[in-house]
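Notes follow the structure.
Chains as they are written, first to last, in our numbering: chain A, 3 to 387; chain B, 10 to 96.
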């Protein structure tokens, strides 16, 4: 199978979902967005807590919100601004409109308040839905896919069963010309020399080293001098003997493909293949960055059982043990724990790949069925004013 | 139920999928049998071959540390005999 049925966007990117989304440019616009989706529940609200009061994050948050709007799974966008915010709804809308997808902007202060803005918003979103319902899936190449690789609530077997299975799926997609994004820089500490060897150029290698050194330094600054040198007692009890071993269990999600690029949080990659995103280990913030980088799909491994999904991106959950798979069956898609009972790693990898092939054509993984949408958690480094 | 798993063919350690008792013989996926020289706790590592002091300990096909003493096939491998590379 070399093509799949996807939604081709005017700029040539390919969506695996066809969402009409409403983006508040600032948290103060969340109420109006909520009003619109109460009337039109098919529209997807991207609630978040930012957009103003964080001068230090202006660039980061603008990029993230803009690029989430640009994500190919998004068919049309309504941006709701307030009017006096730092990240203006108008520019956000104009920047998203570069993709040539339908985009409209409303400003609450200019429209004369919440009710009037919501009324206009409801009619815009209904019009968008009428347009997007007419869009048909067409054969698309796998090289247009970007898959985010995530782990959360890991256990001693995440790095043995679930993460290596995801590594096989990542290599499979890259072999087909696609892209996988490996991130969570704090979980790469200790593996810099290994990842650098896999870089396609010296420049990419240097960027990998800088990213991991910086993550180590930040960990050190926040948690004290030993934070980045020792591993948690729970990891030790679980059989981890060194930070390299623990981090290797995480980076194995990226398979064995060469690393073609390092991108910033929420930056859209210019290269295909295995790309590293310089982003935090915290799942929810990590996923927002990966979605902004253009991932149409995410694969998320878990040992303790993390049910989260993402509003515009289907998230496939891979359980590290059979115990977890059976105890949270409503949330888990793939049981990599079967490897511990004698099933081959490649067999589980193939199972995951077969599911990916269905999900890209519309089958809903558990987190999507469960509407595990939540709010956008944007990575934030600087304090608010 | 397998007793151990080897993640990468280059690895010189396997991971115990159940508690393995000292003296117990366990088999690998290729049928080869190894005798455990220590108790190997669930999810911990066991040496697949003799590893001399200073040699690499390999898991995921990569170095996770160095033997801080001579390790024999069947020994439990953990922080007591694995030394992390100095920066």
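Quick reminder that beta carbons are idealized off the backbone N, C-alpha and C, glycines included.
Quantities reported herein were computed from a predicted structural model and do not represent experimental measurements.
- For residue 87 of chain B, the CB contacts under 8 angstroms within the same chain, skipping 5 residues up- and downstream, are 53, 54 in chain order.
- Taking 8 angstroms as the threshold, the shortest C-beta distance from residue 74 of chain B to chain A falls below it.
- Residue 387 of chain A counts as exposed, since fewer than 16 other C-beta atoms from the protein chains shown sit within 10 angstroms of its C-beta.
- Beta-bridge partners of residue 71 of chain B (DSSP): B:68.
- Within chain A, not a single residue places a beta-carbon under 9 angstroms from that of residue 31 of chain B; the smallest gap is close to 17 angstroms.
- Every alpha helix (DSSP H) stretch that sits fully inside the region 268-343 of chain A and reaches 4 residues is listed by chain position as 285-294, 324-329.
- Within the region 11-26 of chain B, 11, 14, 16, 24, 26 place their CB atoms closer than 7 angstroms to a CB of chain A, listed in sequence order.
- Contact annotation, residue 292 of chain A with residue 193 of chain A: C-beta distance approximately 19 angstroms; criterion of less than 8 angstroms not satisfied.
- Among the residues of chain A, those whose CB is under 7 angstroms from the CB of residue 52 of chain B are 158, 159, 240, 241, following chain order.
- When the Cα atoms are used, residue 68 of chain A and residue 281 of chain A turn out to be separated by approximately 17 angstroms.
- Residue 265 of chain A is not a Cβ neighbour of residue 286 of chain A, given a cutoff of 8 angstroms.
- When Cβ-Cβ separations below 8 angstroms define contact, residue 342 of chain A makes contact with chain B.
- Annotated three-state conformation of residue 52 of chain B is coil, per DSSP.
- Contact of residue 68 of chain B with chain A by beta-carbon distance below 8 angstroms involves 247, 250.
- For the 8 angstroms CB-CB criterion, residue 381 of chain A and residue 94 of chain A do not form a contact.
- Across the set A:11, A:345, A:358, the C-alpha of A:11 shows the shortest separation from the C-alpha of residue 100 of chain A.
- Judged by their CB atoms, residue 76 of chain B and residue 49 of chain B are not nearer to each other than the 8 angstroms cut-off.
- In the three-state DSSP reduction, residue 249 of chain A falls in the helix class (H, G or I).
- Within a 10 Å sphere around the beta-carbon of residue 384 of chain A sit fewer than 16 other beta-carbons, which makes this residue exposed.
- For residue 71 of chain B, the residues of chain A that pass the 7 angstroms Cβ criterion are 196, 250, in the order they occur in the chain.
- Shown here is that no member of the region 73-91 of chain A has a Cβ falling below 9 angstroms from a Cβ of chain B.
- Contact between the region 70-83 of chain A and the region 152-159 of chain A is absent, with fewer than three C-beta pairs closer than 8 angstroms.
- As the crow flies, the alpha-carbon of residue 110 of chain A is around 11 angstroms from that of residue 28 of chain A.
- In the structure shown, the three-state DSSP call for residue 235 of chain A is helix.
- Here residue 379 of chain A carries a coil assignment [DSSP, helix/strand/coil].
- Counted as a single uninterrupted DSSP element, the stretch harbouring residue 57 of chain B is not any beta strand (DSSP E), since DSSP gives it neither H nor E.
- Between residue 21 of chain A and the set A:56, A:37, A:174, A:70, the nearest pair of CA atoms involves A:70.
- Closest in alpha carbon position to residue 187 of chain A, among A:180, A:51, A:197, A:178, is A:197.
- Taking 8 angstroms as the upper bound on Cβ-Cβ separation, chain A lies near residues 86, 87, 88, 91 of the region 80-91 of chain B.
- By the neighbour-count criterion, in which 16 or more other beta carbons inside 10 Å mark a residue as buried, residue 39 of chain B falls on the exposed side.
- Under the 8 angstroms criterion on CB atoms, residue 254 of chain A is classed as interfacial with respect to chain B.
- Our two residues, residue 55 of chain A and residue 42 of chain A, have alpha carbons roughly 30 angstroms apart in a direct line.
- Here residue 130 of chain A carries a helix assignment [DSSP, helix/strand/coil].
- Bridge pairing for residue 85 of chain B: B:55 [DSSP].
- Here residue 141 of chain A is exposed, its C-beta having fewer than 16 other C-beta atoms within 10 Å.
- Boundaries of the alpha helix (DSSP H) harbouring residue 166 of chain A: 165-177, taken from the DSSP string.
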